[in-house]
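Going by our numbering, the first sequence runs without a break in its numbering and finishes at 554. Ideal Cβ positions, reconstructed from N, Cα and C, are used throughout, including at glycine. To start, the structure under review is shown below, and the notes come after it.
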Amino acid sequence: MRLTDRLTDGVRTALAKAGLPEPAECAWEVPRQAEHGDYATNFPMVLARIAKRAPRQIADLVAKHFPPMPEVERVEVAGPGFLNVFLTPAWCASALSEILAAGAAYGRGESQAGRRIRLEFVSANPTGPLVIVNARAAAVGDALARLLRTQGAHVATEFYVNDAGNQFEALARSFEARVRQEFGESAALPENGYPGEYLVDLAKAYRHEGGRLMNGAPERERIEHFGRYAVARMVEAQRRILREYGVEFDVWSSEQRDVRDKRLSEKVLEEFASRGLSYEQDGALWFRSSERDEAGDDKDRVLRRSNGEPTYFAVDVAYHHYLKFANTDRVINLLGPDHHGLVAPMRAAMQALGHPPEAFEVLLVQLVTLLRDGQPVRMSKRRGEFVLMEELLEEVGRDAARFTFLTRRHDSPLEFDLAVATRQSNENPVYYVQYAHARIRSIFRQAAEQGIAVPNLPDVDTSPLVEPAELALIKLLLQFPELVNGAARALEPHRVAYWLQQLAAEFHPWYKTHRVIQDDARLMRARMALCAAVDTVIRNGLELLGVSAPESM
RNA sequence: GCGCCCGUAGCUCAGUUGGAUAGAGCGUUGGCCUCCGAAGCCAAAGGCCGCAGGUUCGAUUCCUGCCGGGCGCACCA
Numbered sequence: 002m003r004l005t006d007r008l009t010d011g012v013r014t015a016l017a018k019a020g021l022p023e024p025a026e027c028a029w030e031v032p033r034q035a036e037h038g039d040y041a042t043n044f045p046m047v048l049a050r051i052a053k054r055a056p057r058q059i060a061d062l063v064a065k066h067f068p069p070m071p072e073v074e075r076v077e078v079a080g081p082g083f084l085n086v087f088l089t090p091a092w093c094a095s096a097l098s099e100i101l102a103a104g105a106a107y108g109r110g111e112s113q114a115g116r117r118i119r120l121e122f123v124s125a126n127p128t129g130p131l132v133i134v135n136a137r138a139a140a141v142g143d144a145l146a147r148l149l150r151t152q153g154a155h156v157a158t159e160f161y162v163n164d165a166g167n168q169f170e171a172l173a174r175s176f177e178a179r180v181r182q183e184f185g186e187s188a189a190l191p192e193n194g195y196p197g198e199y200l201v202d203l204a205k206a207y208r209h210e211g212g213r214l215m216n217g218a219p220e221r222e223r224i225e226h227f228g229r230y231a232v233a234r235m236v237e238a239q240r241r242i243l244r245e246y247g248v249e250f251d252v253w254s255s256e257q258r259d260v261r262d263k264r265l266s267e268k269v270l271e272e273f274a275s276r277g278l279s280y281e282q283d284g285a286l287w288f289r290s291s292e293r294d295e296a297g298d299d300k301d302r303v304l305r306r307s308n309g310e311p312t313y314f315a316v317d318v319a320y321h322h323y324l325k326f327a328n329t330d331r332v333i334n335l336l337g338p339d340h341h342g343l344v345a346p347m348r349a350a351m352q353a354l355g356h357p358p359e360a361f362e363v364l365l366v367q368l369v370t371l372l373r374d375g376q377p378v379r380m381s382k383r384r385g386e387f388v389l390m391e392e393l394l395e396e397v398g399r400d401a402a403r404f405t406f407l408t409r410r411h412d413s414p415l416e417f418d419l420a421v422a423t424r425q426s427n428e429n430p431v432y433y434v435q436y437a438h439a440r441i442r443s444i445f446r447q448a449a450e451q452g453i454a455v456p457n458l459p460d461v462d463t464s465p466l467v468e469p470a471e472l473a474l475i476k477l478l479l480q481f482p483e484l485v486n487g488a489a490r491a492l493e494p495h496r497v498a499y500w501l502q503q504l505a506a507e508f509h510p511w512y513k514t515h516r517v518i519q520d521d522a523r524l525m526r527a528r529m530a531l532c533a534a535v536d537t538v539i540r541n542g543l544e545l546l547g548v549s550a551p552e553s554m
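See below:
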C-alpha cells in the first residue's frame, strides 16, 4: 500500500473519531521546507466549508485523534490549517528493504490496471526522413507508453502511415522524376514535389536493384508503382532510426491498406447520415460539427467533397471510430502544433459517434527550434532543408537527446542548441543522473576488489542509517511510486526527468561526505543497502525515459 | 478578425490539478582531488513570476481585459 494511502486512512480514522464528515479526497504534497514535515495536506481548509468549522479547529481534532502508526512519528497543525506529518526515521530506514526486494518492480502500480490505451505518436509522412521534432515526439510518446504500462495499463503504441492522397501522389511523381534523371532523361520535379536529396539516393538504389522506368504504363499504374516503392523505403528508414533511438511500435497502420481499401470512410458517412449528424449542401456532405458545443469547433466540416471523394477528415474519423476505438478504452494522439486545427473537429466527431469525451485525448507536442552556434537553423521541408533525426543522434547521442526532450513539458516550445549540446555534453543533466548510477556501481566493484562480501540486501539491518542526509535520501526514494503514478495520470513524463535530477542532487553530496566502504561492518552494510536502493530507483526511472543506466562512464 | 498554446534569474526551462520563505541546469565569481569516480562537492551573485483588475483564508497557478511571441483557421493532407 502506498504511503499516502496509509496516511489518508489515518486521517479518515481520526475524522470518524472526531465525528467530522470526510472530504471527497485528501491530497498529500511534499512541502518545500523540512520544518513543514515530510508530507502535508490542506484538507482541513477544504473541509471547513462543508463542516462549517474553522480549519484550525478541524486540524487540531484530527491531530488529536490521529491513530498511532509505525510510519508516523508525529502530526502537527500549522499555518492557516495545514496538517503536517513527520515520518519515523526507523520506519524510513526499514522501508529500504521493500525497495530492494521490489527491485525493477519498485514504482509500479495498479492505478490504470485493465485499461486499454491506444497511443499514436510520430506518424511522420512517408515523404521524407524523420526530422528533429519527430525525435521529440518519439521520446515523449515512448516514455508515456512506458509510464502507463507501469501502472497496469495495456498500451498499444502506433505509427500511422499516411500513404494515400495528394502527398502520396506528390511523392510518387517526385520519385519518378528522380528515377528518370537517374536513367539519363531530363525530367522536372512536379509542382509541390519533394526536392530533397534522399529521393536522388533512392532512385540510385532503385536502378541498382534493377528497377524499370515503366514506360507505356498508364499514369495511375506508374504512380502506384513508384509511390509504393518510395513509401516502403521511407517507412523502412524511419523505422530503423526509431529502433536505434530505442523506440519500437506495436502497430504500423496504413491509411491505404487499413482504411481506404476497406472503404471505411464510406461506411462512416452512412453512419453520420443515419444518425442525422450530416447534411448536403453545394453538392458536398457536411458534418454538423459546430453544433457540438462541448468540442469547441466553430464551423461545420466537409466529409465528402462535391466530386464524391471523402475528405482526409472523413478518412481520419472512420479510422478512429472503427479501428482505434476497437477494443480500446482510451485513445491518445500526439500531434504537432501544425495539426491543432484538426483537434476540435475530431473531438466533435468522436463525441457525435458516442465516444465519451475523456476517451479521446490529443497532446500537442510543440516545435523544436534548432540552434547552431546560437543561430536558428531554418527548416523547410518544401525546400528540402532540415536537420535530420539521424544527425541529431550522431551529434548529441540517444541518451542526451531523449533526456533533453523529456526535461520540458511536451506543450512547451523548445530551443535545442546543437553546438552547445555537443560541445558541453559533459555538463548535460543526463550525465549528472547517469553519473550517480555509475558511481554506485563503482562502489560495489571496489568492494568486490577488496574481497568484501555484499550481503543479501533486503535483509540488511538499516538502523545505522541515522544521518539527516541519509534520511532525506530515503524519504525521496519513498516518493518514487507516487511520482510515477502522478506522471502517468497527468501524461507528463518530464516529471520523472526532473525528479531524477533531484535524486542525484541528493545523492552526490551525501556520497561526498559519507563513506560506504569502511571498518564498521554494520554501517557499511546499511550504506550498501542505501546505495543499492538509490541505484535501483535511478535505473527504474531512466528506464521509464528510455535512457540507459551505464555501469561506468 | 476568430480560436488554441506560451510570457518565471543573463540564457534554456521546472514549479507537484489554489498552499507556507519561487527552484534547477547552463553561464558568471570564489574555494575543494595523499580519502569508495572532480561527468563531482561547497559558497556567492542573479526575480514587481509580462501588465492591470477580480475570485478567497491564500494566486506563478483560476477568471476578465490589455501588451508581447508561436501556431492554426480549405470541398489540402
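Residue interval of the alpha helix (DSSP H) (run including residue i)
i: His509; result: 495-514
i: Ile539; result: 522-546
i: Gln352; result: 344-353
i: Lys263; result: First-last for Lys263: undefined, no H or E at that position.
i: Ala401; result: 399-406
For residue i, the three-state DSSP class (helix, strand or coil)
i: Glu359; result: helix
i: Leu190; result: coil
i: Ser254; result: strand
i: Glu565; result: Any answer about residue 565 is impossible in this case: the structure gives the chain only from 2 up to 554.
i: Arg306; result: coil
i: Leu101; result: helix
i: Leu474; result: helix
i: Gln1; result: Only positions 2 to 554 of the chain appear in this structure, which leaves residue 1 out of reach.
i: His321; result: helix
i: Ala488; result: helix
i: Ser413; result: coil
i: Leu466; result: coil
i: Pro459; result: helix
i: Ala114; result: coil
i: Arg383; result: Low local confidence applies: a pLDDT of 48 at Arg383 is under 50, so the model's placement there is unreliable, and no value is given.
i: Arg276; result: coil
i: Glu428; result: helix
i: Ala139; result: helix
i: Val517; result: coil
i: Glu292; result: helix
i: Ser95; result: helix
One or two residues paired with residue i in a DSSP bridge
i: Asp418; result: Leu372
i: Gln282; result: Ala285
i: Phe481; result: Phe481 pairs with nothing; no bridge assigned.
i: Phe314; result: Note: Phe314 sits in no beta bridge, so no partner.
i: Leu394; result: Per DSSP, none; premise fails for Leu394.
i: Ile333; result: Leu120, Glu362
i: Pro377; result: Leu372
i: Leu131; result: For Leu131, which the question treats as bridged, DSSP gives no partner whatsoever.
i: Leu389; result: Val132
Neighbourhood of residue i by C-beta, 8 Å cutoff - its chain only, sequence neighbours within 5 removed
i: Ala28; result: Thr42, Asn43, Phe44
i: Asp298; result: Ser290, Ser291, Ala345, Pro346, Arg348, Ala349
i: Val455; result: Phe445, Ala448, Ala449, Met529
i: Leu531; result: Leu97, Thr463, Leu466, Glu471, Leu474, Ile475
i: Leu419; result: Leu371, Leu372, Arg373, Val378, Val388, Leu393, Glu396, Val397
Proximal residues to residue i (C-beta, below 6 Å), its chain only, five neighbours per side dropped
i: Gly385; result: A caution first: Gly385 carries a pLDDT of 48, below 50, which makes its placement in the model too unreliable to give a value.
i: Ala422; result: Val397
i: Arg181; result: Ala188
i: Val232; result: Pro127, Asp164
Endpoints, the beta strand (DSSP E) within which residue i is located
i: Ile453; result: Counting along the chain, Ile453 falls outside any beta strand (DSSP E), and DSSP gives it neither H nor E.
i: Leu88; result: 83-88
Cutoff 7 Å; reference residue i; Cβ partners in own chain excluding five residues on either side
i: Leu190; result: Ser175, Ala178, Pro196
i: Gln352; result: Arg293, Glu295, Ala296, Pro358
i: Arg383; result: Legend: pLDDT at Arg383 = 48, less than 50; position of this residue unreliable, value from coordinates given subsequently. Answer for Arg383: no residue qualifies.
i: Glu468; result: His515
i: Pro56; result: Pro45, Met46, Ala49, Pro81, Gly82
- Message: List, from N- to C-terminal side, the beta strand (DSSP E) runs of 3 residues or more that fit wholly inside the stretch 10-79.
- Response: 40-42, 73-79
- Within the stretch 155-240, ranges of the beta strand (DSSP E) (whole runs, at least 3 residues): 155-162
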